[in-house]
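Below is one structure, written out as C-alpha cells; comments come after it.
In the numbering used here, the protein residues as written are 5 to 359.
The following block contains the structure:
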C-alpha cells in the first residue's frame, strides 16, 4: 500500500512542467527566450561595477528595495503604495496563485499564451479553462467574459507571448468590469509596445499588472520583477503572501541604475522596434507569414518545413523557439529580435532551407 507522499509524487509526475530552452549559447544567436540581446553588455558592466561599490551582501535588501519602489513610482508616475517587488515575473505569478487559487477553483487564460499561468495554477489543483483567441489573434471578449464567470483569476498576457500582439485598453477594461475575480495582466513586454493597462489601477480594483526587468532592462539573469495593484491588494500581497526578503541587493541596485540611465535604455528599445519591423518585412519577403508584434520577438508561420528550419538554425548557432501549430495556422517559430547582423544571418539561414 502506497503512502500519501508516494501518491503525491505520482500526481506531480502527471503534471505539466515548463520546458527550459535546451541551449548552451550565451551569445547574440540565442533567440529563444526573448532576452534583450540589444542592450549593450558594456553598459551593464559599467552599471554593475557601480552597483557593487558599496554593496554588503551580508544584509538583506530592505532599504535598497524600498528605494527601488520609490524610483519605480517616479518612473511610472504612480504612488509607491501600488508596487510590490518580486524575484521575477514568474515568482509573482506564483504569488497570485498562492493567494487566490485553491484546489477545485476555476482559472481562465487565453490560448495560445504563456504556459506558466496554466502550469502554476494546475499545481494548486485548479481547473484551468483556455479561451482561444480569434484567427487574427484578437480577444474573443464575450467568450472570455462567459468563461470567467465564477473564476478566481483570469490571466491576460499583453503583449501576448507567443503571438506578439497587444490587446486594447478598452477590451481589458471591459473584461475587468465583467470579471468577478482577479484580472492579472502580464505586461512583461510592455516597454516594446504602444500602450499599457496602467490607467486601470485608478479605476479597476480587481486588476493586477505584472512587470519585469528581464526583458526591456536586460536583467533576465537577475530575476527581478514587480506587481502593480490597488493599494489594499498590494499591501496584502506584500505583508501576507510575499516572502520576507524576496529580492537580492545586487539586482535591486542594478535596476535602480538602469532607471537612472533610462534615456539609454529607451534608445535601445527604439532600436529593437526598428529591427523588429525590418525582421518582419524580410521574413514576409521569404514567403513565410510573420505576424505583427508589439514585443521584442516575432512569431512566423513556416508550416511543414518548420522543424527543418529550426534544426538548420540551431546547427548554425541560431536558437529560436519551436512553437508548433497556432490556432488555424501551420507550425510556427518564434525569434527574439536581434541585432541587424544577427537578423541578417537568421534570414540567410532560413533562405537556405526554404530556397
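Each residue gets a CB set at the ideal place from its N, CA and C atoms; glycine is no exception.
At least one CB of chain B closer than 8 Å to the CB of residue i: is that the case?
i	result
residue 236	Any reference to chain B falls outside this structure, which holds one protein chain only.
Quick check on residue i: buried or exposed, where buried means 16 or more other Cβ atoms within 10 Å of its Cβ?
i	result
residue 184	exposed
residue 61	exposed
residue 25	exposed
residue 189	buried
residue 16	exposed
residue 118	buried
residue 19	exposed
residue 162	buried
residue 83	exposed
residue 141	buried
residue 297	buried
For residue i, collect the residues of the same chain with a Cβ closer than 6 Å to its Cβ; drop the 5 residues on either side in sequence, then sort them by chain order.
i	result
residue 224	39 and 218
residue 53	none
residue 422	The structure shown does not extend to residue 422, since the chain is modelled only from 5 through 359, so no value can be given for it.
residue 325	36 and 338
residue 89	69, 230 and 251
How is residue i classed by DSSP in three states: helix, strand or coil?
i	result
residue 7	coil
residue 366	As displayed, the chain neither begins before 5 nor continues past 359, which places residue 366 out of reach and without an answer.
residue 200	coil
residue 140	coil
residue 19	coil
residue 232	strand
residue 254	helix
residue 66	helix
residue 146	helix
residue 313	helix
residue 239	helix
residue 41	coil
Please list the terminal residues of the continuous beta strand (DSSP E) segment that includes residue i.
i	result
residue 333	333 to 340
residue 112	110 to 115
residue 89	87 to 90
Can you tell me where the alpha helix (DSSP H) with residue i in it begins and where it stops?
i	result
residue 125	120 to 127
residue 105	Looking at the DSSP string, residue 105 is not in any alpha helix (DSSP H), and its letter there is neither H nor E.
residue 286	266 to 289
residue 350	344 to 358
residue 174	173 to 182
Quick one: what's residue i bridged to in DSSP?
i	result
residue 294	304
residue 245	According to DSSP, residue 245 bridges with nothing at all.
residue 329	335
residue 33	Bridge partners of residue 33: none, in fact.
residue 212	188 and 233
residue 1	The shown model of the chain, from 5 to 359, leaves out residue 1, and the question about it has no answer.
Once the 5 residues before and after residue i are set aside, which same chain residues still bring their CB inside 7 Å of it?
i	result
residue 288	294
residue 154	110 and 184
Is any heavy atom of the ligand MG found at a distance shorter than 7 Å from the C-beta of residue i?
i	result
residue 238	This structure lacks the ligand MG, and indeed carries no ligand of any kind.
Keeping to the same chain, check which residues put their C-beta closer than 8 Å to that of residue i; ignore five residues upstream and five downstream.
i	result
residue 266	79
residue 233	86, 88, 205, 211, 212, 213 and 241
residue 66	249
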